[in-house]
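2 protein chains.
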Amino acid sequence: MKRSATAAPEIEALIALLAKTPGLGPRSARRAALHLLKKKDALMLPLAAALQEAAEKVRPCSQCGALDTQDPCLLCGDPQRDDGLICVVAEVGDVWALERAGAFKGRYHVLGGVLSALDGVRPEDLRIAKLMERASRDGVREVILALAATVDGQTTAHYLAERLTPLGITISRLSHGVPVGGELDLLDDGTLFAALQSRRST
Amino acid sequence: MKRSATAAPEIEALIALLAKTPGLGPRSARRAALHLLKKKDALMLPLAAALQEAAEKVRPCSQCGALDTQDPCLLCGDPQRDDGLICVVAEVGDVWALERAGAFKGRYHVLGGVLSALDGVRPEDLRIAKLMERASRDGVREVILALAATVDGQTTAHYLAERLTPLGITISRLSHGVPVGGELDLLDDGTLFAALQSRRST
């Protein structure tokens with residue numbers, strides 16, 4: 001690697017990787033790298049170790065698709081939770097958001113995205129087969145489609161509702177408490193709680 | 001570590017460390033962690049390795065105080081640069097900003113901060129003794145005080161000008177191209193270039 005005029009290649013490589021992290025651009029990545037180099041023992045080395053450890057230990061749950069160090073994950077393995085309710089979300093961050101709100105005590109199912117003609121995301125790209133299998137099990141009473149109020153989110157909810165209807169179980173969506181155009185992960189706990197409480201049958 | 005309801009402790013630890021990085025808050029740290037976990041091989045493990053490598057190899061230069069993997073650093077060791085000019089900056093990021101602008105071909109000196117009554121930063125907390133030693137060497141013609149146009153930055157420049165005056169060399173400051181209240185590191189290259197070109201004797 002040719003030596004650039006600005007900083008050592010080890011620093012430039014670090015900045016380039018930091019800049020790929022959501023929330024950090026090229027400029028803030030540079031500031032972050034400098035801050036980390038100033039706090040090597042307190043922050044930089046612990047962060048390196050935490051990244052390494054999480055990368056090695058964290059895996060998707062074979063049941064719900066959420067991320068955990070155990071499989072089935074803590075939420076799928078918890079005997080206190082209601083097996084009769086499945087809450088379908090797009091991403092793992094949505095599970096975390098709903099858990100922070102503390103409004104749901106059933107099981108989750110992470111699709112791994114939403115259908116999108118623009119991004120070329122088709123039904124077979126999402127964890128829909130596994131959802132159908134789980135929703136078909138004895139004792140499942142309701143599937144809650146907790147998807148964002150975006151075009152793609154609602155298209156996905158509509159598609160899933162059509163697929164799930166033959167199972168003869170209740171299919172519901174989050175209420176209109178979710179702001180139109182908003183992402184679940186960015187909502188405050190109170191709004192999420194209200195949206196879940198006033199969910200409506202589809 | 002007690003298992004929280006939201007995510008595995010390995011993930012929570014990672015989020016807590018990411019949230020201490022400038023530019024990332026608690027919420028964006030969560031999104032960043034999730035993104036990293038999705039891109040383990042392409043981003044997460046390389047980032048862990050880059051952090052580890054930079055933490056091990058990067059050290060402050062014993063001459064100028066900038067960060068590099070070699071000592072003296074590339075800029076101090078470059079025979080093409082003018083030994084007669086010393087540009088004094090507060091932080092390593094300022095060196096990078098001036099190098100990106102490409103407007104300066106002398107040597108740098110990183111103070112490691114600015115004097116601050118509020119933050120309790122005294123002259124002995126900065127690399128001023130080393131600056132005096134370097135500025136006293138034969139052949140040094142000018143010291144450029146490239147400090148921010150903040151109260152603390154200008155107080156520091158004033159203090160340094162008084163200390164350096166007995167040496168009988170030219171002491172200059174960046175011109176008024178630097179916006180008042182602005183930090184060097186955040187300036188565009190063109191403004192930095194103009195400010196350096198039209199520097200004035202103090």
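In the order they appear, the protein sequences are chains A and B.
For the first sequence, the residue numbers in my numbering are 1 to 202.
For the second sequence, the residue numbers in my numbering are 1 to 202.
Glycine included, C-beta positions come from ideal geometry on N, C-alpha and C.
So, with DSSP's three-state summary, where would you put aspartate 82 of chain A?
strand
Within 9 angstroms (strictly less), CB to CB, does aspartate 68 of chain A reach chain B?
yes
When you compare the region 79-94 of chain B with the region 102-121 of chain B, are there three or more beta-carbon pairs, one atom per stretch, that lie closer than 8 angstroms?
yes
For the alpha helix (DSSP H) containing threonine 155 of chain A, list its first residue and its last residue.
151-164
Taking its Cβ as the centre, do 16 or more other Cβ atoms sit within 10 Å of glycine 25 of chain B, making it buried, or is it exposed?
exposed
Partners in chain A for proline 26 of chain B, counting only beta-carbon separations shorter than 8 angstroms
Those within 8 angstroms of proline 26 of chain B in chain A number zero; the least Cβ separation is about 11 angstroms.
So is methionine 1 of chain B in contact with chain A if we call contact Cβ pairs under 9 angstroms?
Residue placement at methionine 1 of chain B is poorly supported in this model, since its pLDDT is 38, which falls under 50; the coordinates still yield a value, given next. Taking Cβ atoms only, chain A never reaches closer than 9 angstroms to methionine 1 of chain B, which makes this a no.
What's the C-alpha gap between aspartate 188 of chain A and leucine 98 of chain A?
10 angstroms
Reference alanine 8 of chain B; option with closest CA among A/Val58, A/Ala13, A/Met132, A/Ile15
A/Val58
Mind checking whether alanine 194 of chain A and alanine 48 of chain B have CB atoms under 9 angstroms apart?
no
What residue range does the alpha helix (DSSP H) around serine 28 of chain B cover?
Counting along the chain, the alpha helix (DSSP H) containing serine 28 of chain B begins and ends at 26-38.
Looking only at C-alpha atoms, which of A/Val151, A/Glu183, A/Leu145 sits nearest to aspartate 119 of chain A?
A/Val151
Does the beta carbon of leucine 51 of chain B come closer than 9 angstroms to any beta carbon on chain A?
yes
What separation, rounded to the nearest whole angstrom, lies between the Cα atoms of threonine 155 of chain A and glycine 93 of chain B?
47 angstroms
Does the region 9-23 of chain B touch the region 36-51 of chain A, meaning 3 or more C-beta pairs lie closer than 8 angstroms?
A contact is defined here as three or more CB-CB pairs under 8 angstroms, and the region 36-51 of chain A meets this definition with respect to the region 9-23 of chain B.
Please compile the residues from chain A whose C-beta is within a distance smaller than 9 angstroms of the C-beta of alanine 101 of chain B.
Correct list: empty, because the minimum Cβ distance to chain A is about 10 angstroms.
Quick check on alanine 13 of chain B: does DSSP put it in helix, strand or coil?
helix
Run through the DSSP bridge pairs and tell me what aspartate 68 of chain B is partnered with.
Partner(s): B/Arg59.
Within 9 angstroms of any Cβ in chain A, is that where the Cβ of glutamate 124 of chain B sits?
no
Going by C-alpha distance, which of B/Gly168, B/Asp125, B/Trp96 is nearest arginine 27 of chain A?
B/Trp96
Counting only beta-carbon separations shorter than 9 angstroms, does glycine 93 of chain A have a partner in chain B?
yes
Assuming contact is defined by CB atoms lying nearer than 9 angstroms, are glutamine 80 of chain A and arginine 134 of chain A in contact in what I supplied?
Against a cut-off of 9 angstroms, the Cβ pair of arginine 134 of chain A and glutamine 80 of chain A comes out as no contact.
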